[in-house]
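The sequence shown: position 30 = 31 (this note's numbering), numbered continuously.
We put the CB at the ideal spot given by N, CA and C, even for glycine.
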Amino acid sequence: MRITTFVLTVSAFGFLAACEPDGLVDRVAREEAKVAVRPILASQLPGVPIEPAVNCVIDNASAQEILRLARAGLTATPDQESIDLVAEIIQRPDTIECIATEGLNAFLSQ
């Protein structure tokens, strides 16, 4: 069902991608990518606040990487390619800085 919904959503709005000002297709892809990233981060970075870390990974991924992760989000279990991709994105200096900053803020606000 998730796959059908995602495919229909992307198909329905795909033709608007070039002219749609509010980035609907991008938002849908980012949300589906987050579905793939959450379990990977939970297993790879135990104890790190998940949502800030997920946002950091997505914010530091390229458009192509987001699409790859969005496709992976359609499955229930992350595959090795997705795990490797998230590991690569986590190692980027901007992602590390983001996780350190946003993760610390999440701890302090609790």
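- Under the DSSP assignment, asparagine 61 falls outside any alpha helix (DSSP H); it carries neither an H nor an E label.
- Spanning the alpha carbons of arginine 69 and valine 87 requires a straight line of approximately 11 Å.
- Under the three-state reduction of DSSP output, arginine 39 falls in the helix class.
- Buried is the label assigned to threonine 96, since at least 16 other Cβ atoms lie within 10 Å of its Cβ.
- Leaving aside the five residues that flank cysteine 99 on each side, the residues in its chain whose CB is nearer than 7 Å to its CB run, in chain order, Cys57, Asp60, Asn61.
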